[in-house]
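In my numbering, the protein residues as written are 25 to 540.
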Amino acid sequence: MRIYSFSPFGYEGNLVSIEVDIRRGIPAIDMVGLADGAVKESRERMKSAIRNSGFDFPQERVLISLSPADLKKEGAGFDLPVALGVLCAAYEGSEEKSPALMEQSVLVMGELELSGALRPVRAANAAAFTAAANGIRYCVVPRENAGEAMEAPGMKVFAAENLREAFQALFDQNLFSSVNDKGEDSLPEGSVEIEGVSFPPIEGSSFDGIFGQKDLVRACQIAAAGGHNLLAFGPPGCGKTLALQAFPSLLPLLTEEEARSVTRIHSIAGLIPSGKGLVRTPPFRQPHMSASLEGMCGGGIQCRPGEISLAHNGVLFLDEAAEFRSSVLQMLRVPLESHRIVLSRAGRTAVYPANFQLLMATNPCPCGNYGSTKKVCLCSARSIEMYWKKFSAPLLDRIDLRVQVDLPGEEEGKEVLCSAADLRKKIARAVKIQRDRQGFRNARMNAEDVSCFCALSPQAQELLDQAAVRYDFSPRALDSCKKLSRTIADMEGSQTILAEHVAEAVDYRKTSGVLS
25 MRIYSFSPFG
35 YEGNLVSIEV
45 DIRRGIPAID
55 MVGLADGAVK
65 ESRERMKSAI
75 RNSGFDFPQE
85 RVLISLSPAD
95 LKKEGAGFDL
105 PVALGVLCAA
115 YEGSEEKSPA
125 LMEQSVLVMG
135 ELELSGALRP
145 VRAANAAAFT
155 AAANGIRYCV
165 VPRENAGEAM
175 EAPGMKVFAA
185 ENLREAFQAL
195 FDQNLFSSVN
205 DKGEDSLPEG
215 SVEIEGVSFP
225 PIEGSSFDGI
235 FGQKDLVRAC
245 QIAAAGGHNL
255 LAFGPPGCGK
265 TLALQAFPSL
275 LPLLTEEEAR
285 SVTRIHSIAG
295 LIPSGKGLVR
305 TPPFRQPHMS
315 ASLEGMCGGG
325 IQCRPGEISL
335 AHNGVLFLDE
345 AAEFRSSVLQ
355 MLRVPLESHR
365 IVLSRAGRTA
375 VYPANFQLLM
385 ATNPCPCGNY
395 GSTKKVCLCS
405 ARSIEMYWKK
415 FSAPLLDRID
425 LRVQVDLPGE
435 EEGKEVLCSA
445 ADLRKKIARA
455 VKIQRDRQGF
465 RNARMNAEDV
475 SCFCALSPQA
485 QELLDQAAVR
495 YDFSPRALDS
505 CKKLSRTIAD
515 MEGSQTILAE
525 HVAEAVDYRK
535 TSGVLS
């Protein structure tokens with residue numbers, strides 16, 4: 025039997041082979057293979073866990089080798105594989121204790137308590153997928169990690185509570201199971217299907233309590249339908265933050281392909297709930313304005329994912345966006361364009377997917393009253409200019425939807441808008457069309473896709489040409505208008521982009537107010 029564990033680094037990580045040799049000599053435990061402090065400490069945890077689980081620890085010299093030797097091993101997930109390696113080596117040659125998986129390779133992860141009980145570890149999903157890609161079909165992990173490990177194709181998983189159970193599993197292949205064996209459905213309970221597109225149950229914030237902000241709600245609907253980036257700016261108390269926090273209620277569930285990469289990232293970060301498998305609900309990340317560059321990008325010794333990677337296939341919401349550091353805001357430009365982020369640490373490079381949708385809410389000026397018809401702004405022109413310079417023109421040029429929000433009037437504040445359930449109907453129609461047509465959201469179209477899928481009627485083309493001259497649109501802005509128009513047309517079920525679709529897209533794309 026060959027026992028493997030996993031050393032997480034970045035999005036990929038590495039399999040680590042565990043070899044144990046018991047030889048004559050003064051009783052001691054030697055560990056080689058560039059192990060860090062946490063891995064070296066596993067010698068004492070493993071020794072106590074073996075004895076407290078009712079096994080005899082070898083009264084000889086034990087050599088533990090972790091290979092490849094030049095790869096640094098980190099974390100407490102090596103406790104269980106090292107312990108099983110010692111037990112298998114101790115019973116080697118005994119026919120009564122010959123494991124059923126003797127000719128198989130087994131992936132093992134888990135942290136041991138001194139009692140022999142197991143604690144969950146992170147990156148179980150990434151480890152299982154990496155092992156499956158290398159032909160390993162058996163996996164032993166703590167019970168809390170079993171759900172995410174089972175998602176690897178063809179992987180048979182045993183969910184262990186303690187060291188004794190894990191060791192006994194090596195003697196009975198029938199104890200291992202997979203998702204297919206259990207027949208589990210990965211869709212969240214209470215999910216609803218609209219026109220072939222699944223949505224999660226509506227929980228928490230929703231659009232039912234938002235009144236008097238018709239343009240903002242419509243912009244949120246378009247953004248959810250096409251995956252477009254959105255900026256809402258207006259005075260404090262106008263409802264922009266409330267609306268954007270309710271945005272997740274409009275998003276459809278992830279497809280299985282989208283969910284796999286999201287699950288892997290969240291598993292590496294240790295954010296998978298106990299016993300859960302695929303993450304089918306789109307992530308919604310809302311970092312605090314004090315977030316550092318490393319917190320947003322990711323990093324650390326093991327290149328853990330940052331907020332933009334944790335928002336992959338979901339939403340990154342920056343509330344009070346102008347209060348974030350300029351370096352953090354400018355850093356968003358590259359991943360918004362490339363949909364990935366590259367981290368380089370100590371001679372090693374990690375590449376994380378970062379296909380996220382950016383939502384930003386901010387005040388129009390430091391005091392928040394610039395452009396308001398009901399309050400007076402006390403900010404100087406210079407302070408307003410410096411306030412908006414934090415965003416920079418290249419970053420704003422990547423925002424498809426810009427909405428100026430004002431405090432609703434007395435009558436508008438009583439206006440009842442559509443609920444999230446109503447807004448989902450057109451979103452589902454647009455999402456279904458996009459999945460069938462190009463396989464990804466309209467916001468991710470490149471220039472070639474725009475020319476292929478965004479056919480404008482003659483009247484629509486004429487209107488867009490006029491808008492380009494009037495508002496001095498850049499080539500990126502023109503493509504943005506076409507993609508927005510395509511999304512609006514999809515929501516209406518129209519194959520051709522009409523003039524009214526372009527007019528609405530231009531109205532949301534053009535700069536106005538403080539952005540002019």
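Even glycine gets a Cβ: it sits at the ideal position worked out from N, Cα and C.
query: So is VAL493 buried or exposed if we call it buried at 16+ other beta carbons inside 10 Å?; result: exposed
query: Just to confirm, is the Cβ distance from GLU175 to GLY301 under 8 Å?; result: yes
query: By how many angstroms is the C-alpha of GLN483 removed from the C-alpha of PRO259?; result: 37 Å
query: So is LEU387 buried or exposed if we call it buried at 16+ other beta carbons inside 10 Å?; result: It should be pointed out that residue 387 corresponds to Asn in this sequence rather than to Leu. Burial call: buried.
query: So, using beta-carbon positions, are LEU425 and ALA243 closer together than 8 Å?; result: yes
query: Taking the alpha-carbon positions, what's the LEU278 to LEU58 distance?; result: 39 Å
query: Among residues of its own chain, excluding the 5 on either side of GLY91, which ones have a beta-carbon nearer than 8 Å to its beta-carbon?; result: It should be pointed out that residue 91 corresponds to Ser in this sequence rather than to Gly. Same-chain partners within the cutoff: VAL40, SER41, GLU43, GLY57.
query: Can you grab the Cα-Cα spacing for the pair ASN198 / LYS456, in whole Å?; result: 41 Å
query: With 16 other CB atoms within 10 Å as the buried threshold, where does ASP489 fall?; result: exposed
query: Please go through the same chain and pick out, in chain order, the residues whose beta-carbon is closer than 6 Å to the beta-carbon of GLY34, but skip the five residues on each side of it.; result: CYS327, ALA374
query: DSSP three-state label for VAL455, please.; result: helix
query: Under 8 Å, do GLU98 and ASP60 count as touching if we go by C-beta distance?; result: yes
query: Assuming ALA256 and LEU240 are in contact, meaning their beta carbons sit under 8 Å apart, how far apart are those beta carbons, in whole angstroms?; result: 6 Å
query: How would you label MET410, buried or exposed, when you count the other beta carbons within 10 angstroms and need 16 or more for buried?; result: exposed
query: Considering THR397, what are the terminal residues of the beta strand (DSSP E) in which it resides?; result: Where THR397 is concerned, there is no enclosing beta strand (DSSP E), given that its DSSP letter is neither H nor E.
query: At what residues does the beta strand (DSSP E) containing GLN381 begin and finish?; result: 381-386
query: Okay, do the stretch 306-324 and the stretch 341-355 touch, 3+ Cβ pairs below 8 Å being the bar?; result: yes
query: Quick check on LEU358: buried or exposed, where buried means 16 or more other Cβ atoms within 10 Å of its Cβ?; result: One detail in the question is off: residue 358 reads as Val in this sequence, not Leu. Under this definition VAL358 is an exposed residue.
query: Distance check for ALA513 and VAL538, CA to CA, integer angstroms please.; result: Any reading at VAL538 must be qualified, since the residue scores a pLDDT of 48, below 50, and its modelled position is unreliable; the value itself is stated next. Cα to Cα, the separation comes out at about 29 Å.
query: On the CB-based measure, 16 or more other CB atoms within 10 Å of its CB, does THR305 come out buried or exposed?; result: buried
query: Per DSSP, which one or two residues make a beta bridge with GLU43?; result: SER89
query: Would ALA270 pass as a contact of ILE234 if the rule is Cβ separation under 8 Å?; result: yes
query: Suppose contacts are defined by Cβ-Cβ distances below 8 Å. Is ALA444 in contact with PHE231 by that definition?; result: yes
query: Given a threshold of 16 other Cβ atoms within 10 Å of its Cβ, counted over all protein chains shown, does ILE160 qualify as buried or as exposed?; result: buried
query: Are the CB atoms of SER129 and ARG26 nearer to each other than 8 Å?; result: yes
query: Determine the DSSP secondary structure at ASP54, reduced to helix, strand or coil.; result: strand
query: Give me, in chain order, the residues of the same chain whose beta-carbon lies closer than 8 Å to that of GLY437; leave out the 5 immediate sequence neighbours on both sides.; result: Residue placement at GLY437 cannot be trusted, given a pLDDT of 49 that sits under 50; the coordinates are not used to answer.
query: Taking ALA247 as the reference, which of ALA471, PRO276, ALA113, VAL221 has the closest Cα?; result: PRO276
query: Output the distance between the C-alpha atoms of GLU528 and LYS507, rounded to the nearest integer angstrom.; result: 12 Å
query: Does the Cβ of SER536 have 16 or more other Cβ atoms within 10 Å, making it buried, or fewer, making it exposed?; result: Interpretation of SER536 is limited by its pLDDT of 49, a score under 50 that renders its predicted location unreliable; no figure is taken from the coordinates.
query: Please specify which runs of the alpha helix (DSSP H), each continuous and at least 4 residues long, are wholly inside the stretch 271-346, giving them in chain order.; result: 280-292, 317-321, 331-334
query: Mind checking whether LEU487 and ALA523 have CB atoms under 8 Å apart?; result: yes
query: State the CB to CB distance for the pair LEU18 and MET133, rounded to an integer number of angstroms; the pair is presumed to be in contact (CB under 8 Å).; result: In the structure as shown, the chain starts at 25 and stops at 540, and residue 18 therefore has no counterpart that could be examined.
query: Looking only at C-alpha atoms, which of GLY178, TYR162, TYR532, SER285 sits nearest to SER29?; result: TYR162
query: Ignoring anything shorter than 3 residues, give me the beta strand (DSSP E) runs that lie fully in the stretch 67-150, in order along the chain.; result: 85-91, 129-132
query: Could you tell me the alpha carbon to alpha carbon distance between LEU268 and VAL216, rounded to whole angstroms?; result: 22 Å
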